[in-house]
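Here the structure is laid out as structure tokens; the discussion comes afterwards.
Chains as they are written, first to last, in this note's numbering: chain A, 410 to 819; chain B, 410 to 819.
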């Protein structure tokens, strides 16, 4: 029976293994200090607030939360999200918004709208593992563009795009994460954001802006740095831009809620796709999310968690400065969950991870975030879901692993 | 700006309108008596039970409910579902189970596993509108096989399959809803279930069994009629069968939870697809669903709602017998939510609906459930979400519409 060969579809036959599963395996173990999963902190979720909110909802709203809802989202939540996005400079004269089952589904819908097998997607290198896996499930060719501390490198993007066109590739869109990048931990400066707009205008390309970490600036002054690329676009280029948002970092991933903003001309097609994916997103989650935003809990919650993440970032950076050899490169993150490290060429991050695992610490290899799966000398630390008191000791262990590896590599 | 032409993917370019949206438009209006949506009753949801369950969960489980979980599901829920499915005769020696974001996602994952554009799927005619829309989004060719009161008609299935093969079509699987069929309201008898097994074995085809209504038998004696086709399969044919289950009818659609059971050989591919769709299903919903089943609430809830649905079915059938002209054909449902009506050839159900809408009653045209979108003389009444006191009057209005249409059609 085990020899039965299933007639898998072409899009599936090539799919092999699961980086994400391997990653999660350690991320959820209690006996490791985990810098692995890109997860909010278990102990910081607004559990009490949400229970209180739900308890006080009118009976008919509680009943609604058990029922099917419109494909594009629970209408009060859609309205609240639109108002919220307007405060970030996004206008719904040209665009419309639908609720999605996590921001990954938003990325999925956009990809299904535009990508045929063999089409090319431009991404950053490194980029979000979930999106890369998703793009590959559409049999897309990925071109990963290098970044520096300010975002994607303009010359590299132009050059690699030109090469792709020369090779006859059908480039469909550019996918970027301008705010508190996963995994690179950086934020795009204004010039790079403007460059992205110029680039897609010049080459008539679509842009998918993933803004899952928008609210996770760690200093109040940095808020102004987070203006979405879509909000900076002029009317002419706007209709080439879609935007994905997420509740995972501002309420909790367990609700599986995100949103997709697309130009009005794309909306009904996006709705049909969403319909065939899961009919509608969980109404229970949506009813709670609406009340959470509408009753002012979200902003209070964000004010409460920013210092917590700031503390973890600061402790991690302190320990890194104390223990890591000076050859290890990284950018100090201004927000989000991540610090991205680059070992000298030739050093193997995998060996560092092996050492860390032996000593009860886990993190993620950069390899998984590389669209080309080539680079062996990078890794990511997520400081979001560690206990502050574990940080110094755990970073010290990683540093030991790095020193051993650097000695060997000499 | 509105003239910008998006370079949609081939799978999307042909998608046109949205039957489901049109259907939902009326289903959620308070000022109509609605036989439209295939929805559980708003006032019968286990709202109080769920709030109590959640309140008493340990803090660390509440925290987990806000977090990401494994792609294949919250492990305690997966275990509970397996035990539950074992009571229905399904063995996990040969199969494995994952939690999905509604049973529609289970159907989506199975379809993505096997269907390339242009492949053929055999369905019943009529069939579930959500699945039909989904299959079309994969650019599948659909062949709808007629049913009688006992299920799909064997001779028709053999004949239409043979024709498809002669035409060089690549038939990938057969999709059936053996229990309390949506929209046909019928239940397959044992012979037809066995025939399905013989058919897929003989032709080496895959089977997708959609069992969303399994628990909604309305007489205790009928429970034995609901044994899944998968549970009746011998070891040889089992590995050609997948099964989709749903929490929508046993807890509430607002949780967006279902499950997919596939032969072990398909499981890791199915997991990768699920990963790219939404990473994991809502943990909040899963934690609640687990406690709901594990603490014995589900079986009590089902005992409470069966008489409620039985009452609505009985009142609807009584009114139909009283008011409908004898030319209208239907099968009395033994469970589920639906009664399927067939007007004499030439009569237009659309005109009956127009009359009903003018008079404050709404239902769904059979047209939407027809893979070929040809039949104009059928419609579906869902008695699940109507108030008992509205039924007699509403059915009378539909009957008036039918009489007017039959007079015209003469």
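For each residue, glycine too, the CB sits at the ideal point set by N, CA and C.
Bear in mind that the values here come from a model prediction, so they are computed numbers and not experimental data.
Distance CB(residue i)-CB(residue j) smaller than 8 Å
i, j, result
"residue 640 (chain A)", "residue 498 (chain A)", "yes"
"residue 775 (chain B)", "residue 442 (chain B)", "no"
"residue 485 (chain B)", "residue 678 (chain B)", "no"
"residue 725 (chain A)", "residue 792 (chain A)", "yes"
"residue 592 (chain A)", "residue 778 (chain A)", "yes"
"residue 756 (chain B)", "residue 786 (chain B)", "yes"
"residue 706 (chain B)", "residue 458 (chain B)", "yes"
"residue 814 (chain A)", "residue 738 (chain A)", "no"
"residue 693 (chain A)", "residue 474 (chain A)", "yes"
"residue 491 (chain A)", "residue 506 (chain A)", "yes"
"residue 584 (chain B)", "residue 619 (chain B)", "yes"
"residue 552 (chain A)", "residue 529 (chain A)", "yes"
"residue 531 (chain B)", "residue 417 (chain A)", "no"
"residue 645 (chain A)", "residue 611 (chain A)", "no"
"residue 478 (chain B)", "residue 704 (chain B)", "no"
"residue 740 (chain A)", "residue 558 (chain A)", "yes"
"residue 667 (chain B)", "residue 500 (chain B)", "no"
"residue 516 (chain B)", "residue 541 (chain B)", "no"
"residue 663 (chain A)", "residue 476 (chain B)", "yes"
"residue 462 (chain A)", "residue 697 (chain A)", "yes"
First and last residue of the uninterrupted alpha helix (DSSP H) at residue i
i, result
"residue 679 (chain A)", "673-687"
"residue 703 (chain A)", "692-703"
"residue 570 (chain B)", "563-575"
"residue 619 (chain B)", "Where residue 619 (chain B) is concerned, there is no enclosing alpha helix (DSSP H), although the beta strand (DSSP E) it sits in stretches over 615-619."
"residue 626 (chain A)", "Looking at the DSSP string, residue 626 (chain A) is not in any alpha helix (DSSP H), and its letter there is neither H nor E."
"residue 801 (chain A)", "797-818"
"residue 603 (chain B)", "599-612"
"residue 458 (chain A)", "456-464"
"residue 475 (chain B)", "468-475"
"residue 639 (chain B)", "638-641"
"residue 645 (chain B)", "644-647"
For residue i, the residue or residues it bridges with in DSSP
i, result
"residue 750 (chain A)", "A:739 and A:788"
"residue 554 (chain A)", "A:533"
"residue 560 (chain A)", "A:557"
"residue 771 (chain B)", "B:443"
"residue 744 (chain B)", "B:626"
"residue 670 (chain B)", "B:506 and B:652"
"residue 580 (chain A)", "A:529"
"residue 585 (chain B)", "B:618"
Residue closest to residue i, alpha-carbon to alpha-carbon, out of the options
i, options, result
"residue 460 (chain A)", "A:701, A:743 and A:686", "A:701"
"residue 799 (chain A)", "A:424, A:444 and A:415", "A:444"
"residue 565 (chain A)", "A:807, A:660 and A:604", "A:604"
"residue 673 (chain A)", "A:659, A:490, A:716 and A:502", "A:502"
"residue 495 (chain B)", "B:575, B:637, B:449 and B:730", "B:637"
"residue 742 (chain B)", "B:682, B:734, B:721 and B:762", "B:721"
"residue 654 (chain A)", "A:514, A:470, A:476 and A:802", "A:514"
"residue 601 (chain B)", "B:708, B:560, B:590 and B:733", "B:560"
"residue 826 (chain B)", "B:631, B:790 and B:580", "Here chain B comprises residues numbered 410 to 819, so residue 826 (chain B) is not present and cannot be evaluated."
"residue 533 (chain A)", "A:463, A:510, A:610 and A:617", "A:617"
"residue 509 (chain B)", "B:487, B:524 and B:526", "B:487"
"residue 749 (chain B)", "B:466, B:535 and B:470", "B:535"
"residue 734 (chain B)", "B:642, B:804 and B:723", "B:804"
"residue 715 (chain B)", "B:781, B:647, B:625 and B:729", "B:625"
"residue 713 (chain B)", "B:440, B:453 and B:542", "B:453"
"residue 744 (chain B)", "B:806, B:675, B:710 and B:723", "B:723"
"residue 562 (chain A)", "A:465, A:608, A:525 and A:545", "A:608"
"residue 483 (chain A)", "A:780, A:690 and A:817", "A:690"
"residue 582 (chain B)", "B:680, B:709 and B:649", "B:649"
"residue 627 (chain A)", "A:670, A:518 and A:589", "A:589"
"residue 765 (chain A)", "A:754, A:812, A:746 and A:467", "A:812"
Span of the beta strand (DSSP E), counted from its first residue to its last, around residue i
i, result
"residue 708 (chain B)", "Not the beta strand (DSSP E): residue 708 (chain B) falls in the alpha helix (DSSP H), residues 706-732."
"residue 650 (chain A)", "650-655"
"residue 424 (chain A)", "No beta strand (DSSP E) holds residue 424 (chain A); DSSP gives it neither H nor E."
Chain-ordered neighbours of residue i on chain E, where CB pairs are closer than 7 Å
i, result
"residue 565 (chain B)", "The structure shown contains no chain E; its protein chains are A and B."
Practice prompt. Just list the alpha helix (DSSP H) runs in the stretch 484-552 of chain A, keeping only unbroken ones of 4 residues or longer that don't cross its boundaries, in chain order.
Written response: 484-495, 512-523 and 538-546
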